[in-house]
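Heads up, the thing below is written out as structure tokens.
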Amino acid sequence: MKAPSTRPAAVLGLDVGKSSHWACLVDRDGEVLASAPVRNREAELDALFASAPAGTLVVVDQFRNIGSLAVRRARAAGLGVAHLPGLAASRAAGLFAGEAKTDERDA
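For the sequence shown, position 61 (counting from the first letter as 1) is numbered 76 according to the working numbering, and the numbering increases by one without interruption.
And the structure:
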């Protein structure tokens, strides 16, 4: 009998900003399901997290200060939250050589 997968159903990356964040939702197969800005407002974050599949992991580049509302609302929605530090995010972005830095890419 095959053990159940421990991978999340989807990953929702947030490139955190002061007034808005860039959100990118990717499924297990790497298909981008959504990629768009979302304002740093409780109602808009709640709507974003409600639209994510059950079992989605939310990954943020900043979990304190400007990212704290997103982290709190994701947890309130029952989603797992992980932090990807800036250096790790920068190195991961380096895997896509030749592309300019954008909020969408960072998410």
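No residue lacks a Cβ here, since even glycine has one placed at the ideal position from N, Cα and C.
Test item: CB-CB of A25 and L60 under 8 Å: no
Quick one, which of A91, T71, A51, R90 has its alpha-carbon nearest T21's? T71
Would A15 and V31 qualify as a contact pair, given that the criterion is a beta-carbon distance under 8 Å? In this structure the chain extends from 16 to 122, so residue 15 is not present and cannot be described.
Taking L72 as part of the beta strand (DSSP E), name the residues at either end of that continuous run. 71-75
Own chain, CB closer than 8 Å to K33, minus 5 neighbours either side, in chain order: N55, I81
For R54, name the three-state secondary structure that DSSP assigns. strand
For S35, report the span of its beta strand (DSSP E) as first-last. 35-42
Reducing DSSP to helix, strand and coil, say where L99 ends up. coil
Apply the 10 Å Cβ neighbour rule to D76 and answer buried if 16 or more other Cβ atoms are within range, or exposed otherwise. With 16 or more other Cβ atoms within 10 Å, it is buried.
Grab the span of the beta strand (DSSP E) containing L29 for me, first residue to last. 25-30
Cβ shell of R90 (< 7 Å), same chain only, five flanking positions each side left out: V96
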